[in-house]
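In the numbering used here, the protein residues as written are 59 to 444. Where is the CB? At the ideal position from N, CA and C, for every residue including glycine. Worksheet: one structure, shown below.
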Amino acid sequence: MTEATATAGALERLSDEGVSVWLDDLSRRRIESGDLARLVETRNVVGVTTNPSIFQAAIGSGEGYEEQLADLAVRGVTVDEAVRMMTTADVRAAADVLGPVYEATGGRDGRVSIEVDPRLAHDTAATVAEARQLAWLVDRPNVMIKIPATGAGLPAITEVIGAGISVNVTLIFSLERYRAVMDAYLAGLEKARAAGLDLSRIHSVASFFVSRVDTEIDKRLTLLGTDEALALKGKAALANARLAYQAYEEVFGSADGRTPPGGRWRALAGDRATEQRPLWASTGVKDPAYRDTRYVEELVAPGTVNTMPEATLDAVADHGAVTGDTVTGGYARARADLAAVERLGISYAEVVEQLEREGVAKFEAAWQDLLDAVTKSLTSKGVDGE
C-alpha cells in the first residue's frame, strides 16, 4: 500500500463528493521542506489559502526568512515593501507547487490565495489598486486575490473580476452579504465580457465563515441557559452555511438539475464563465465538545471548497466519516434552527455584523503584529524599517 493510499481515505471520498480540499496555511518552511508537495500527493490537497494571521505566524517566527530579511535590510526597503516581498514570494512558490493541479483541473483548483492589506478593507479604490499590484507581484495564473466582503469590498470585487483577476472573497458571515457577493461577481464577469476578456480564465470562490458563527451564538445561548437555548448550541453555523449553499444553487443552479440556474448566470455561462464556488472557511472546531471534523463532515456538497487548518486536515484523514451530501436535504431544518435562535432574542443580523467587524479587526491586528516583527528584524540588521 502506498503512502497516498494509506492516508487518503475520507479526504479522497470528500473529493469524490465534489468537495475540493484546500489547506488553510502556508509558510516558507512548508514549501521548502517539500511538505506542501507531500500534502498535494498524499492528502488530496488541491489549493491553499492564506490570511494575515497565517503570515504573521509564519514570518513572525523568522524561520526560513533570514536571508531574504538580510537582503531587504541592505536595500533599505520600507517595512510594508518587505512584508509584501516575503508574502508574495511564498505565494508564488506555492503556486508553482500547485501548478500541475491547476493545469489538470483547467484552472478550477491548484489555487493559492493572498489577501489585500486588511487596513484597506473599507477603501474601494485602494483595494482595487492593491489587488492589481498583488496579481502583478505574484505573476502566476493560479493566484487568487482575497478581498473582504465589506461594503467597500463589493464594488472592488466587481472591478477586479472585470479586470480579469481571479478573486477569493473573504469574511462572509451573512446570507444577505453572500447574495451581494454573488451579484458583485456576476457584475464583474459582465464587465470582463464587455472588455473582450476570456471568461473561462476568471475564477472565484466565496469564503463563507462557519465556526465563528457557532462560537458567538453558542456563547449567547449559554448565557440564556434554558433547556431550549442549550438544545440549539452547535446548530446555527451549519444552518447558516446550508442556507448559503441554497442561495448559491438559486444563482448558479444545482448539480443534479433540481434547481435551474438564474437567467443572468445562464447568459454568462454561455460565454464559458465559471461559477463562483462556495468555500467553507473557519472550519477548525473551536469548542472541544464538538467532533473535530464537524465542519467538514456536515458540509459535504458538490461544487464546494473546504479550506482546513492542518489539524483539521489531519483529523479528517485519521477518522473522518464522509458518507455523501450532508447539505442539500437540510434547508428546511436550517431555516427552522435559525428561526428558533431568533425567537430566543438573539439577533442574527447583529451577530453577523459583529463577526464581520471583528474579522476585519483581527486581520488588521495580525497584520500590525507582522509589520512590527519585520520592523524589529530590519532594525536589528541596521535599517530602521521606516
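Closest by C-alpha distance to Y243, when choosing among I230, R251, I219 | If you number the sequence shown from 1, residue 243 lands on position 185. Checking every option, the nearest Cα to that of Y243 belongs to I219.
In angstroms, rounded to a whole number, what distance separates the CA positions of P336 and S438?
-> The count along the sequence shown starts at 1 and reaches residue 336 at position 278. The count along the sequence shown starts at 1 and reaches residue 438 at position 380. Roughly 44 Å between the two C-alpha positions.
Through-space distance from T332 to A193, alpha-carbon basis | Stepping through the sequence shown from its first residue, residue 193 is reached at position 135. Stepping through the sequence shown from its first residue, residue 332 is reached at position 274. Going by the C-alpha atoms only, they are around 19 Å apart.
Identify every residue that forms a DSSP beta bridge with N226.
-> Counted from its first residue, the sequence shown places residue 226 at position 168. Note: N226 sits in a beta bridge opposite K204, V263.
When you compare each of A187, W425, V174, V363 to K204 by their alpha carbons, which one comes out closest?
-> Your numbering for residue 204 matches position 146 in the sequence shown. If we check each option's Cα against that of K204, V174 comes out closest.
Give me the Cα-Cα distance between L396 and G378, rounded to the nearest whole angstrom.
-> Reading the sequence shown from its first residue, position 338 is the one you call residue 396. Reading the sequence shown from its first residue, position 320 is the one you call residue 378. Computed Cα separation, rounded: 27 Å.
Identity of the residue in L282, A373, G315, W323 nearest G403 by Cα | Here residue 403 refers to the residue found at position 345 when the sequence shown is read from its first residue. Of the candidates L282, A373, G315, W323, the one whose C-alpha sits nearest the C-alpha of G403 is L282.
Compute the distance between the beta-carbons of R300 and A394, then report whether it is under 7 Å.
-> Taking the sequence shown and counting its residues from 1, the one referred to as residue 300 is at position 242. Taking the sequence shown and counting its residues from 1, the one referred to as residue 394 is at position 336. No.
Reference I223, options I172, I230, A210, closest by Cα | Translated into the one-based positions of the sequence shown, residue 223 becomes position 165. Comparing Cα-Cα distances from I223 to each of I172, I230, A210, the minimum goes to I172.
Taking 7 Å as the cut-off, decide whether the C-beta atoms of V271 and A294 are in contact.
-> To locate residue 271, count along the sequence shown from 1; it is residue 213. To locate residue 294, count along the sequence shown from 1; it is residue 236. Yes. Within cutoff.
At which residues does the beta strand (DSSP E) containing A339 begin and terminate?
-> Looking up residue 339 in the sequence shown gives position 281. A339 -> beta strand (DSSP E) spans 335–339.
Go through its chain and collect everything with a Cβ distance to E368's Cβ below 6 Å, but skip five positions before and after it.
-> Against the sequence shown, residue 368 aligns to sequence position 310. These residues qualify, in order along the chain: D83.
Proximal residues to T384 (C-beta, below 8 Å), its chain only, five neighbours per side dropped | Looking up residue 384 in the sequence shown gives position 326. Within the same chain, T384 has close Cβ partners E355, E356, L357, V358, A359.
Count the other C-beta atoms from every protein chain shown that fall within 10 angstroms of the C-beta of Y123, then say buried if there are 16 or more, exposed otherwise.
-> Indexing the sequence shown from 1 puts residue 123 at position 65. Buried, by the Cβ-count rule.
Using DSSP bridges, identify the partner residues of V132.
-> Position 74 of the sequence shown, counted from the start, is the residue given in the question as residue 132. In DSSP, V132 forms no bridge with anything.
Is DSSP giving G122 helix, strand or coil here?
-> On the sequence shown, position 64 is the one that residue 122 refers to. In the structure shown, G122 sits in coil (DSSP, three-state: anything other than H, G, I, E or B).
V432: first and last residue of the uninterrupted alpha helix (DSSP H) it sits in | Counted from its first residue, the sequence shown places residue 432 at position 374. Here the alpha helix (DSSP H) through V432 covers 406–438.
Sequence-distant residues of the same chain with beta carbon closer than 6 Å to R330, five excluded per side | One-based indexing of the sequence shown puts residue 330 at position 272. Closer than 6 Å at the Cβ level, and outside the excluded window around R330, lie L257, S258.
Beta-carbon contacts of P319 that lie in its chain and below 6 Å, excluding the five residues immediately before and after | As a first step, residue 319 must be located in the sequence shown, where it is residue number 261. Taken in chain order, the residues that qualify are F310, G311.
How about the region 66–81 and the region 90–105: do they share at least three Cβ pairs that are nearer than 8 Å?
-> yes
Does the region 148–168 come within contact of the region 84–94, defined as at least 3 CB pairs closer than 8 Å?
-> yes
Cβ-Cβ separation, V149 to R170 (assumed contact under 8 Å), whole Å | Taking the first residue of the sequence shown as position 1, residue 170 is located at position 112. Taking the first residue of the sequence shown as position 1, residue 149 is located at position 91. Here the sequence assigns Val to residue 170, which means Arg is not the residue at that position. Their Cβ separation, rounded to whole angstroms, is 5 Å, which keeps V170 and V149 in contact under 8 Å.
Closest to E90 by CA distance: which of L255, A147, D376 is it?
-> In the sequence shown, counting from the first residue as 1, residue 90 sits at position 32. E90 has its Cα closest to that of A147, out of L255, A147, D376.
Residue range of the alpha helix (DSSP H) that S85 falls in?
-> Taking the first residue of the sequence shown as 1, we reach residue 85 at position 27. Here S85 belongs to no alpha helix (DSSP H), and DSSP marks it neither H nor E.
Under 7 Å between C-beta atoms of V225 and I215 = Stepping through the sequence shown from its first residue, residue 225 is reached at position 167. Stepping through the sequence shown from its first residue, residue 215 is reached at position 157. Yes; because the gap between Cβ atoms is below 7 Å, this pair is in contact.
Throw me the rounded Cβ distance for the V268 and A339 pair, which I believe falls under 8 Å.
-> Along the sequence shown, read from residue 1 onward, the residue named residue 268 stands at position 210. Along the sequence shown, read from residue 1 onward, the residue named residue 339 stands at position 281. The pair is a contact, with the Cβ atoms about 7 Å apart (cut-off 8 Å).
Run the CB neighbour count on A390, radius 10 Å, all protein chains shown included, and call it buried at 16 or more, exposed below.
-> Within the sequence shown, residue 390 is the residue found at index 332, counting from 1. A390 should be labelled exposed.
So the alpha helix (DSSP H) L244 belongs to, where does it begin and stop?
-> Your numbering for residue 244 matches position 186 in the sequence shown. Looking at the DSSP string, the run of the alpha helix (DSSP H) that includes L244 is 233–252.
C-beta contact flag for S262 and I230 at 7 Å | By one-based count along the sequence shown, residue 262 stands at place 204. By one-based count along the sequence shown, residue 230 stands at place 172. Contact: no.
Determine which residues share a DSSP beta bridge with V103 and list them.
-> For the purposes of this step, residue 103 is identified with residue 45 of the sequence shown, where counting begins at 1. Answer is V79, bridged to V103.
Note down the Cα distance separating E139 from G209, rounded to an integer number of angstroms.
-> Taking the first residue of the sequence shown as position 1, residue 139 is located at position 81. Taking the first residue of the sequence shown as position 1, residue 209 is located at position 151. Cα-Cα distance, rounded: 27 Å.
Would you report the Cα separation of N364 and E75, rounded to the nearest angstrom?
-> What you label residue 364 is simply residue 306 of the sequence shown in a count that begins at 1. What you label residue 75 is simply residue 17 of the sequence shown in a count that begins at 1. Taking the straight line joining both Cα atoms gives about 12 Å.
T284 - DSSP class collapsed to helix/strand/coil | For the purposes of this step, residue 284 is taken as the residue at position 226 of the sequence shown. Note: T284 maps to coil in three-state DSSP.
Measuring CB to CB, does P206 end up less than 7 Å from T182?
-> To locate residue 206, count along the sequence shown from 1; it is residue 148. To locate residue 182, count along the sequence shown from 1; it is residue 124. The answer is no: Cβ separation not under 7 Å.
Identify whether E173 lies in helix, strand or coil by the three-state DSSP scheme.
-> Locating residue 173 in the sequence shown gives position 115, where the first residue counts as 1. Strand.
In three-state terms, what does DSSP make of T365?
-> As a first step, residue 365 must be located in the sequence shown, where it is residue number 307. Correct three-state label for T365: strand.
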